[in-house]
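Counting with this note's numbering, you get residues 2 to 363 for the letters of the sequence shown. By construction, the Cβ of each residue, glycine as well, lies at the ideal position given by its N, Cα and C atoms. Following: one structure in structure tokens, then a few remarks.
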Amino acid sequence: MIQHNDGSTIFRPFTHIMEATFIRRINRFLMECRLGGRLIRAFLPNPGRLQELLLPGVPVYIIEEDGVEGRATSHTAVGVLRDGHPVMLHTHKTNLVVRRLLEEAAIPGLENAAVVKQEVRVGHSRFDFLLNDGVGDLFLEVKSCTLFGRQVAMFPDAVTARGARHLEELAHLSADGIRAVVVFVIHWPLASVFMPDYHTDLHFARTLLAVRGSVQIIPISVEWRSDFSLSRHVRLVSVPWSYIEREARDRGSYLLIMKLSEDISLEVGMLGRVFFRKGFYIYVGSAMTNLTKRIERHRRLRKQMHWHIDYLRPHGVVRAVLPIRSADRLECSIAQSVEGISEWSIQNFGCSDCSCDSHLFA
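So, in structure tokens, the structure goes:
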């Protein structure tokens with residue numbers, strides 16, 4: 002399992018990797034893909050949304066594991082290809098990655114730390130590692146990051162109450178005089194900036210801000226080779242704390258994605274009777290205070306009619322609501338961008354307080 006190759010890599014956690022083509026995600030832990038001309042199902046050891054990575058037709062990397070109890074398939078998805086770079090998806094292996102990096106003194110800030118024990122229980126809490134760096138003990142929690150653009154990486158890509166609780170527990174240890182560290186392993190070599198994904202999980206972002214003075218935060222980017230060997234290219238990335246403090250608040254814009262299953266004609270407030278063709282719609286809105294409550298209101302079916310979207314909402318199924326938290330009012334610029342890729346729009350819908358032609362697109 003361990004392989005040093007020519008010295009440019011640290012180790013290789015998987016052998017006999019097969020390349021397949023992703024088709025669809027069946028549920029959180031199961032995907033369907035095409036391998037060698039046949040359809041197979043593969044276990045996906047990653048609970049994240051992975052919507053930016055698992056697109057139909059992308060190459061995915063599969064291994065076969067015999068004798069795995071309690072599973073309907075012997076295949077396991079371990080990675081995906083993104084813009085020519087392999088991305089490791091197997092979250093269960095991230096602790097192994099960190100252990101090997103610690104052994105190689107490759108994690109900035111933890112060069113002198115050695116593993117004392119893994120899976121350490123302290124009271125009602127359990128942490129990934131107990132380390133000692135010659136000065137004393139420290140507890141380490143590991144997080145796997147697979148959400149990124151070109152240079153910016155973010156965590157988490159799905160709401161994680163457990164992740165926020167880990168941060169709070171580490172802060173409690175620090176208050177008792179015990180050092181605490183979180184390492185975010187970014188499986189993307191081009192990342193240069195790390196931030197909590199306050200769009201997806203505001204509570205986690207605010208918790209990370211609150212504990213950063215007592216818990217050491219170490220985000221690192223790693224590089225995977227084509228054979229899924231771990232390169233020695235490990236880099237500490239920056240965290241723009243002041244920017245996060247400004248942006249990670251419950252305000253901003255949102256995209257409400259709905260589906261109408263049939264054509265319908267409705268009375269929509271002052272707009273009068275409006276005809277809506279069946280299909281998918283994107284509504285662009287904003288709330289510069291209490292964004293979460295605004296989104297929750299849109300999800301409800303029963304409410305007093307106020308906005309144009311309230312009249313349409315009972316007749317469609319909400320497929321997703323995407324918050325875009327920001328200190329800036331971005332609603333109109335987002336609407337213009339969505340209009341550029343839409344097929345048509347409903348004239349004057351949702352834009353009575355601005356100069357846009359519409360905020361509802363199909």
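On the premise that A114 lies in contact with L103, defined as a C-beta separation below 8 Å, what is that separation, rounded to the nearest angstrom?
6 Å
For K279, the three-state DSSP class (helix, strand or coil)
coil
Would the beta-carbon of P87 fall within 9 Å of that of S227?
yes
The region 211 to 231 contacting the region 183 to 193, beta-carbon criterion three pairs below 8 Å:
yes
Who are the near neighbours of G135 in its chain, counting only those whose CB is closer than 7 Å to its CB and skipping five residues on each side?
N113
Can you tell which of V59, E170, A78 has its C-alpha closest to the C-alpha of K94?
A78
Could you tell me the alpha carbon to alpha carbon distance between E105 and I11, rounded to whole angstroms?
8 Å
For L40, the first and last residue of its enclosing beta strand (DSSP E)
39 to 44
Measuring straight from C-alpha to C-alpha, what distance separates E170 and E142?
10 Å
Start and end of the alpha helix (DSSP H) containing E170?
162 to 176
Is the number of C-beta pairs between the region 258 to 266 and the region 236 to 245 that are closer than 8 Å three or more?
no
Is it right to say C355 is buried, meaning 16 or more other beta carbons lie within 10 angstroms of its own, or is it exposed?
exposed
By the 10 Å Cβ neighbour count, where 16 or more other Cβ atoms means buried, how is D158 classified, buried or exposed?
buried
With distances taken between CB atoms, is the gap from R320 to E248 smaller than 9 Å?
no
Which residues in the same chain as I219 place their Cβ atom closer than 8 Å to its Cβ, once the five residues preceding and following it in sequence are excluded?
I108, P109, G110, L111, V182, V183, V184, F185, L237
Consult DSSP for S9 and reduce its assignment to one of helix, strand or coil.
coil
Reference R207; option with closest CA among G85, L148, G137, R166
R166
Do the CB positions of L40 and H76 come within less than 9 Å of each other?
no
Short Cβ contact (9 Å threshold) for D129 with V98
no
Is it buried or exposed, L56, if we count other Cβ atoms within 10 angstroms and call 16 or more buried?
exposed
Assigned exposure category for G38 - 16 Cβ within 10 Å defines buried:
exposed
S198 burial status per 10 Å Cβ neighbour count (16 or more: buried)
This sequence places Asp at residue 198; Ser is not what is there. The residue is buried, with at least 16 neighbouring Cβ atoms inside 10 Å.
Enumerate in chain order the residues of its own chain whose CB-to-CB distance from V216 is below 8 Å, with the five nearest sequence positions on each side excluded.
L168, L171, A172, S175, A181, V182, V183
In the DSSP assignment, find the unbroken alpha helix (DSSP H) run with R402 in it and report its ends.
The chain is shown from 2 up to 363; residue 402 falls before or after that span and cannot be answered.
Taking L82 and P46 to be in contact with their CB atoms under 8 Å, please state how far apart those CB atoms are, rounded to whole angstroms.
In fact, because the Cβ distance is near 18 Å, the residues do not count as touching under 8 Å.
Assigned secondary structure, H360 (DSSP; H/G/I helix, E/B strand, else coil):
coil
DSSP beta-bridge partners of K260
F281, V318
Measuring straight from C-alpha to C-alpha, what distance separates I24 and R50?
15 Å
From L31, D67, S343, L139, residue whose alpha carbon lies closest to that of H91
L31
Is the distance from the Cβ of I245 to the Cβ of M289 below 9 Å?
no
Hey, quick one: how far does the alpha helix (DSSP H) through P309 stretch, first residue to last?
The sequence given here places His at residue 309; Pro does not occur at that position. From DSSP, the alpha helix (DSSP H) with H309 extends over 309 to 313.
Helix, strand or coil: which one does DSSP assign to V98?
helix
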